[in-house]
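For the record, in the sequence shown the residue sitting at position 446 is 457 according to the working numbering, with numbers rising by one throughout.
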Amino acid sequence: MTERITNQFESEAKFRTEFVKNIWKSRLEQISFLADEISINPVFATGMSHGENNDELNEMLQKNIEHVWPELQGGTNHDRPYDFLVIDKTGKIITSKHKLTKNDFSQDPIFVRGLEEKFYTFEYDQTNQNPMLVIVSPVLGQKDNRQFVLGVLIVKRDMTSVNKIMEDRSNLGTTGETYLVNGDKLIITGSRFIKDAAFNIKVDTLPVKECFEKHKSMSAIYPDYRGIPVFGVSQCESNLGFILLAEIDASEMYLPVLNIKNQYLLIGIITAGIVGFISFLIATRISNPIVKLTQVSHDVSEGKLDVKIEDVKSKDEIGTLYRAFKEMMTNLNFHITKIKDLNEELENANLDLKKKDKIKDEFIRVAAHELRTPIQPILGFISLARNGKIKNDEAINGILYHARNLKQLANNILDVSHIESGMLSCKMERFQINKLIQEVVDSTKSEVDPDIVIETKLDRDISINGDRFRLSQVLNNIIQNSIKFTKKGKITIQTEILPQQNKIEISISDTGPGIPVDILGTVFDKFVTKSVQEGTEHGSGLGLYISKAILSAHNGEIFASNNDDKGAKFTILLPL
12 MTERITNQFE
22 SEAKFRTEFV
32 KNIWKSRLEQ
42 ISFLADEISI
52 NPVFATGMSH
62 GENNDELNEM
72 LQKNIEHVWP
82 ELQGGTNHDR
92 PYDFLVIDKT
102 GKIITSKHKL
112 TKNDFSQDPI
122 FVRGLEEKFY
132 TFEYDQTNQN
142 PMLVIVSPVL
152 GQKDNRQFVL
162 GVLIVKRDMT
172 SVNKIMEDRS
182 NLGTTGETYL
192 VNGDKLIITG
202 SRFIKDAAFN
212 IKVDTLPVKE
222 CFEKHKSMSA
232 IYPDYRGIPV
242 FGVSQCESNL
252 GFILLAEIDA
262 SEMYLPVLNI
272 KNQYLLIGII
282 TAGIVGFISF
292 LIATRISNPI
302 VKLTQVSHDV
312 SEGKLDVKIE
322 DVKSKDEIGT
332 LYRAFKEMMT
342 NLNFHITKIK
352 DLNEELENAN
362 LDLKKKDKIK
372 DEFIRVAAHE
382 LRTPIQPILG
392 FISLARNGKI
402 KNDEAINGIL
412 YHARNLKQLA
422 NNILDVSHIE
432 SGMLSCKMER
442 FQINKLIQEV
452 VDSTKSEVDP
462 DIVIETKLDR
472 DISINGDRFR
482 LSQVLNNIIQ
492 NSIKFTKKGK
502 ITIQTEILPQ
512 QNKIEISISD
522 TGPGIPVDIL
532 GTVFDKFVTK
542 SVQEGTEHGS
552 GLGLYISKAI
562 LSAHNGEIFA
572 SNNDDKGAKF
582 TILLPL
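Encoded structure:
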């Protein structure tokens, strides 16, 4: 209901504003035409340029203006012109329709502005006792293809047509009104509530301030010029010197809502009354259910929808009514609960989206940083080789090393995106696990520093069901992780079949410094990495996260711990 009123008032405000602007635009065009008529007459132009004010010139100007005066009047339903003034460029009156006591307009703000541009403004004419639309246009002469100012033409008109549209109360309810306010914050049209309001009532309300201070239109609830709360829509035309306001008392706007509330209250009261009347007429044996139903009805009318309704064993009409009412309340509570649950799900989904958005931003930030890390050494090797500070073979080896790291990082980022989107796929097949472990170890040994020994202690070979490529990726990630943090020592890969659990355990331990205690619990999260000592390498923090995701896709598990003596240990459990 309130939305309908809002749309109605916005529509009325826009329509009436355009109506006013179109009328006053046409008035401005008429005055421009009249100014041109004056300027092209050589007698007028000469008289105005020399500041002459003789009877002959005055009479010719009067006739020239009276020639177009009927067109300016435009009929009884239009704004009637009341007066005109022709002023030369020094501010001296050349002619006017009515005699004026004032003859020097050189300091008059309207005249000064009229020398520069055509415009309209508003004033209250004390002689005519009416608000006036004051339309101003410069009178321009032309010589040697150059324009120059001869003077100013001023026409004053009443505001009949604008007042008529402003005082039209159609579609505005019983308290609605539209009115105009000028740049001095004065009402310049009539008021529905105050007689002779034009130029007597100052309007310093919220929309007027927004218009003339911030040049903004608005719609809101605020106190009007009477101090009464209203809903109002404004159309700000500060560049034209006015604002249109369409307002309705807030009490009327919300009256339909109050009526609905009263109707519900009335329904509750009527229901309680009917139940009370029936309980008075019916025998005592069924009075208790009626009393209970009355109480429930009263509670419902007050919005207490969680009221408990007891069972009634009676099979007569009262029992049927009671059970129907109970079923209605049960259904109502069910739907309310369902709506609450849906709202809660929506809130949780929103929180989840925000959390994922935050994770995405963090992922992009860290990924960008990590991608820059291998690029810098590559650029460094290229620069050193180009300057002849190292041999090309040495530069190529360095570039190749870091390019492989960059490729691995890109593959890891791609895997993470597949994991996050639920698109990580595994191609399952039966294969010998010991054979796979040995292949990974053999491919790694050729790149390992001689100070690091890799040994295997494998149980009897057995086949498992899994993705051979993905599991080799897991083994390689963990072994490479151990190599990074073991400068000198031993890495041991060991397997053990667990028949009671129908699983195989694969452990990879090293003699490095171990996993720092502060990240031990989160070592499988994204981007978790930390150097344990000065100069120790660290990775992107994606390998262990990817490894855990791959193992989860195999219904497997992975754990991280520190050895009692020295080093870290990773334990993998896979189903057979």
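Backbone N, C-alpha and C define an ideal beta-carbon position, used for all residues, glycine too.
Do residue j and residue i count as a contact pair if the criterion is CB distance below 8 angstroms?
i, j, result
"residue 168", "residue 188", "no"
"residue 503", "residue 445", "no"
"residue 17", "residue 181", "no"
"residue 165", "residue 212", "no"
"residue 210", "residue 191", "no"
"residue 34", "residue 97", "no"
"residue 585", "residue 567", "yes"
"residue 152", "residue 105", "no"
"residue 199", "residue 133", "yes"
"residue 183", "residue 23", "yes"
"residue 222", "residue 262", "no"
"residue 331", "residue 308", "no"
"residue 522", "residue 578", "yes"
"residue 28", "residue 306", "no"
"residue 40", "residue 244", "no"
"residue 194", "residue 252", "yes"
"residue 386", "residue 411", "no"
"residue 286", "residue 304", "yes"
"residue 535", "residue 555", "yes"
"residue 581", "residue 519", "yes"
"residue 233", "residue 256", "no"
"residue 465", "residue 515", "no"
"residue 413", "residue 393", "no"
"residue 142", "residue 131", "no"
"residue 477", "residue 565", "yes"
"residue 469", "residue 448", "yes"
"residue 129", "residue 43", "yes"
Using DSSP's beta-bridge definition, name the partner residues of residue i.
i, result
"residue 9", "For residue 9 there is no data in the structure shown, the boundaries of the chain being 12 and 587."
"residue 440", "477"
"residue 367", "Paired residue(s): none; residue 367 is not in a bridge."
"residue 29", "Bridge partners of residue 29: none, in fact."
"residue 160", "151"
"residue 95", "166"
"residue 507", "516"
"residue 568", "584"
"residue 579", "573"
"residue 106", "97"
"residue 213", "197"
"residue 115", "103"
If residue i sits next to residue j, beta carbons under 8 angstroms apart, how far is it from one beta carbon to the other, in whole angstroms?
i, j, result
"residue 537", "residue 427", "7 angstroms"
"residue 13", "residue 264", "6 angstroms"
"residue 488", "residue 557", "7 angstroms"
"residue 242", "residue 254", "Between residue 254 and residue 242 the Cβ distance is about 16 angstroms, and since that is not below 8 angstroms, they are no contact."
"residue 100", "residue 115", "13 angstroms between Cβ atoms; not a contact."
"residue 6", "residue 587", "It is not possible to answer for residue 6, since the shown part of the chain is limited to 12 through 587."
"residue 178", "residue 201", "5 angstroms"
"residue 524", "residue 570", "Residue 524 to residue 570, Cβ: 19 angstroms. No contact."
"residue 467", "residue 490", "11 angstroms between Cβ atoms; not a contact."
Can residue i be considered in contact with the ligand NAP, in the sense that its beta carbon sits closer than 7 angstroms to one or more heavy atoms?
i, result
"residue 203", "No copy of the ligand NAP appears in this structure; indeed no ligand is present at all."
(request) Give, in chain order, every unbroken run of the alpha helix (DSSP H) that is at least 4 residues long and sits entirely within the segment 457-502. (result) Annotation: the segment 457-502 contains the following complete segments of the alpha helix (DSSP H) (minimum length 4 residues), in chain order: 479-495.
(request) Indicate whether the contact test is met: 3 or more Cβ pairs, each with one atom in the segment 230-241 and one in the segment 172-182, closer than 8 angstroms. (result) No, the segment 230-241 is not in contact with the segment 172-182.
(message) Runs of 4 residues minimum, wholly inside the segment 510-539: which ones carry the alpha helix (DSSP H) assignment?
(response) DSSP runs (the alpha helix (DSSP H)) wholly in the segment 510-539: none.
(request) Count the C-beta pairs between the segment 526-538 and the segment 457-466 that are closer than 8 angstroms, then say yes if the count reaches three, no if not. (result) Not touching, per the Cβ criterion.
(request) Flag this pair as touching only if the segment 112-127 and the segment 147-157 have three or more C-beta atom pairs under 8 angstroms; answer yes or no. (result) In short, these stretches touch, since the Cβ pair count reaches three.
(message) Assess contact between the segment 482-502 and the segment 552-563, defined as three or more Cβ pairs (one per stretch) separated by less than 8 angstroms. Is contact present?
(response) Touching, yes.
(request) Spell out a yes or no on whether the segment 393-409 and the segment 423-441 are touching, meaning 3 or more CB-CB pairs, one atom from each, closer than 8 angstroms. (result) Look at the beta carbons and you see the segment 393-409 not touching the segment 423-441: under three pairs across the two are nearer than 8 angstroms.
(message) Check whether the segment 328-347 and the segment 363-370 are in contact - that is, three or more C-beta pairs closer than 8 angstroms.
(response) No: fewer than three Cβ pairs fall under 8 angstroms.
(request) List in chain order: all unbroken alpha helix (DSSP H) runs of 4+ residues lying wholly within the segment 221-272. (result) 261-264, all fully within the segment 221-272.
(message) To test your reading of the DSSP string, which unbroken beta strand (DSSP E) runs of 3 or more residues are found completely within the segment 169-209?
(response) Counting only runs of 3 or more residues that sit fully inside the segment 169-209, the beta strand (DSSP E) segments are 188-193, in chain order.
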